[in-house]
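K.L.:
One structure coming up, written as structure tokens, with questions to follow.
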Amino acid sequence: MSTYRSGGQRAGFRISLLTLAVSAGSAWAEEPLVMEHVEVIGQAVSIDEALKDQRSSDSVKSVVHADGIGQLPDDNAAEALQRIPGISVERDQGEGRFVSVRGIAPDLNSVTINGTLVPSPESGRRAVALDVLPSELVQSLSVVKTLTPDMDANSLGGTIEVESLSAFDHDGLFYSISGEGSYDENVEKTSPKFSGAISNRFSLGDGVDNFGVAAAVSWQERKFGSDNVETGGKWDFADDGARLEEFEQRDYEITRERTGFGLNFDYKPDDVSSYYLRTLYSRFKDTETRNAAGVEFEDARCPAKPAMPKAGAS
264 MSTYRSGGQR AGFRISLLTL AVSAGSAWAE EPLVMEHVEV IGQAVSIDEA
314 LKDQRSSDSV KSVVHADGIG QLPDDNAAEA LQRIPGISVE RDQGEGRFVS
364 VRGIAPDLNS VTINGTLVPS PESGRRAVAL DVLPSELVQS LSVVKTLTPD
414 MDANSLGGTI EVESLSAFDH DGLFYSISGE GSYDENVEKT SPKFSGAISN
464 RFSLGDGVDN FGVAAAVSWQ ERKFGSDNVE TGGKWDFADD GARLEEFEQR
514 DYEITRERTG FGLNFDYKPD DVSSYYLRTL YSRFKDTETR NAAGVEFEDA
564 RCPAKPAMPK AGAS
């Protein structure tokens with residue numbers, strides 16, 4: 264005799280109770296064997312939470328959580344954002360850097376980290392480069408495509424909101440460790456990547472875990488290369504066709520190092536009060552060796568009245 268009972272949950276599954284009793288032979292005990300409670304929550308639960316955030320928002324908003332980010336090999340926050348509908352990225356050496364919302368230029372968007380507006384680190388443009396932020400330090404990414412009156416009216420495309428890890432995102436002790444490696448055939452080198460996160464909640468009175476500490480660290484050294492042919496100068500459109508002024512054969516060797524660290528504190532003494540301290544350190548170092556060989560073309564020139572040999576001359 265066997266008995267099986269299960270309960271379901273949308274966007275995931277949960278096993279609530281499993282009992283098994285076998286009475287087919289004398290070698291087995293007659294008493295039923297009751298197994299311990301087993302709970303399994305799939306990664307689809309994270310997707311369900313993101314969808315709930317989108318539905319409850321007062322504006323047009325897209326959200327992706329850390330579990331969804333971790334399923335794909337995105338090196339930085341810009342590449343993680345490209346998974347959201349209506350988002351495209353501008354790339355530098357194949358890596359996502361600037362984010363465009365609904366086709367509007369990145370200079371016309373704004374970026375916040377934990378609610379704080381982030382200025383552009385580059386002179387001459389307003390766009391915020393998100394390739395400096397490792398994806399492992401991010402708890403959630405949100406893109407608000409229609410601004411509400413309570414938001415700063417400083418963007419035409421949308422507002423990108425980055426939230427870092429909080430201890431109240433999980434129940435009790437939580438930790439994760441990951442290590443990755445990639446190999447690039449152009450430079451014949453291997454690139455390592457390591458990351459880790461830990462959080463826990465403690466009680467500061469009343470027997471309730473109302474204080475939380477969360478920390479995350481990420482380090483990557485990516486070595487890769489590229490070679491291509493690029494045109495230069497201007498095209499000369501003559502009656503007999505178009506002529507190119509110059510072209511270059513380029514060979515790049517690139518090393519990019521990303522280092523990120525975050526330490527966050529949260530205190531919730533009651534259901535209506537919340538105090539927090541957010542810290543984030545991010546460092547991006549780009550070293551490139553550029554080799555180029557160029558060829559310039561010039562128009563063939565002919566004298567207006569070319570000299571003709573005289574008759575009888577040899």
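Residue numbers (the working numbering): 264 to 577.
By construction, the Cβ of each residue, glycine as well, lies at the ideal position given by its N, Cα and C atoms.
1. Nearest CA to the CA of Asp370: which residue from Gly523, Gly420, Ser537?
2. Judging by CA-CA distance, which residue of Leu467, Arg360, Tyr539 is the nearest neighbour of Ser383?
3. Mind pulling the beta strand (DSSP E) runs of 3 or more residues that sit fully within the region 476-564?
4. Quick one: is Pro348 buried, meaning 16 or more other Cβ sit within 10 Å of its Cβ, or exposed?
5. Can you look up Ala329 in the DSSP assignment and give me helix, strand or coil?
6. Can you give, in chain order, each stretch of the beta strand (DSSP E) that sits fully within the region 345-381 and has at least 3 residues?
7. Counting contacts by CB-CB distance shorter than 9 Å, is Thr375 in contact with chain D?
8. Have a look at Arg513 and Thr453 and give me their C-alpha separation to the nearest angstrom.
9. Which of the three DSSP states, helix, strand or coil, is assigned to Ser286?
10. DSSP state of Val407, grouped into three classes?
11. Can you give me the Cβ contacts of Gly442 inside the same chain, cut-off strictly under 6 Å, excluding the 5 residues immediately before and after it?
12. Give the single residue among Val558, Tyr515, Asn527 whose Cα lies nearest to the Cα of Gly357.
13. Which of helix, strand or coil does DSSP assign to Val395?
14. Between Ile423, Glu509, Arg485, Asp529, which lies nearest to Ser351 when the distance is taken from Cα to Cα?
15. Whose C-alpha, out of Leu543, Asn554, Thr552, is nearest the C-alpha of Val395?
16. Using the Cα positions of Asn449 and Gly459, report the straight-line distance between them to the nearest angstrom.
17. Can you give me the start and stop residues for the beta strand (DSSP E) that Ala430 sits inside?
18. Mark Asp434 as exposed unless 16 or more other C-beta atoms lie within 10 angstroms of its C-beta, in which case mark it buried.
19. According to DSSP, is Glu443 helix, strand or coil?
20. So the beta strand (DSSP E) Arg464 belongs to, where does it begin and stop?
21. Checking 9 Å against the spacing of the C-beta atoms, do Glu428 and Val406 come in under that value?
22. Quick check on Asp338: buried or exposed, where buried means 16 or more other Cβ atoms within 10 Å of its Cβ?
23. Going by other Cβ atoms of all chains shown within 10 Å of its Cβ, with 16 needed for buried, is Lys408 buried or exposed?
24. Are there 16 or more other CB atoms within 10 angstroms of the CB of Leu436, so buried, or fewer, so exposed?
25. Which residue wins for smallest C-alpha separation from Ser549, given the options Phe487, Glu561, His328, Ser462?
26. Evaluate Arg521 with the Cβ neighbour count: other Cβ atoms within 10 Å of its Cβ, from every protein chain shown; 16 or more gives buried, anything less gives exposed.
27. How would you call Leu467, buried or exposed, if buried means at least 16 neighbouring beta carbons within 10 angstroms?
28. Keeping to the same chain, check which residues put their C-beta closer than 8 Å to that of Ala343; ignore five residues upstream and five downstream.
29. For Asp499, which residues in the same chain have their Cβ closer than 6 Å to its Cβ, ignoring the five residues on either side in sequence?
30. Residues in its own chain within less than 8 Å of Tyr539 by CB, not counting five upstream and five downstream?
31. Kindly identify the DSSP beta-bridge partner or partners of Val401.
P.N.:
Reading from the atomic positions:
1. Gly420
2. Arg360
3. 504-530, 538-559
4. exposed
5. helix
6. 350-355, 358-364, 373-376
7. Of the protein chains in the structure, only one exists, and it is not chain D.
8. 22 Å
9. The predicted position of Ser286 is uncertain, since its pLDDT is 47 and thus under 50; no value can be drawn from it.
10. strand
11. Phe457
12. Tyr515
13. helix
14. Ile423
15. Leu543
16. 29 Å
17. Neither: Ala430 is in no beta strand (DSSP E) and is coded neither H nor E.
18. exposed
19. strand
20. 452-465
21. A small correction: the amino acid at residue 428 is Leu; Glu does not occupy that position in the sequence shown. No, they are not a contact pair.
22. buried
23. buried
24. exposed
25. The residue you asked about is not Ser; residue 549 is Asp in the sequence shown. Ranking the options by Cα distance to Asp549, first place goes to Phe487.
26. buried
27. exposed
28. Val327, Ile332, Leu335, Asp337, Ser398, Val401, Leu404
29. Arg506
30. Ser429, Asn527, Phe528, Asp529, Tyr530
31. Ser427
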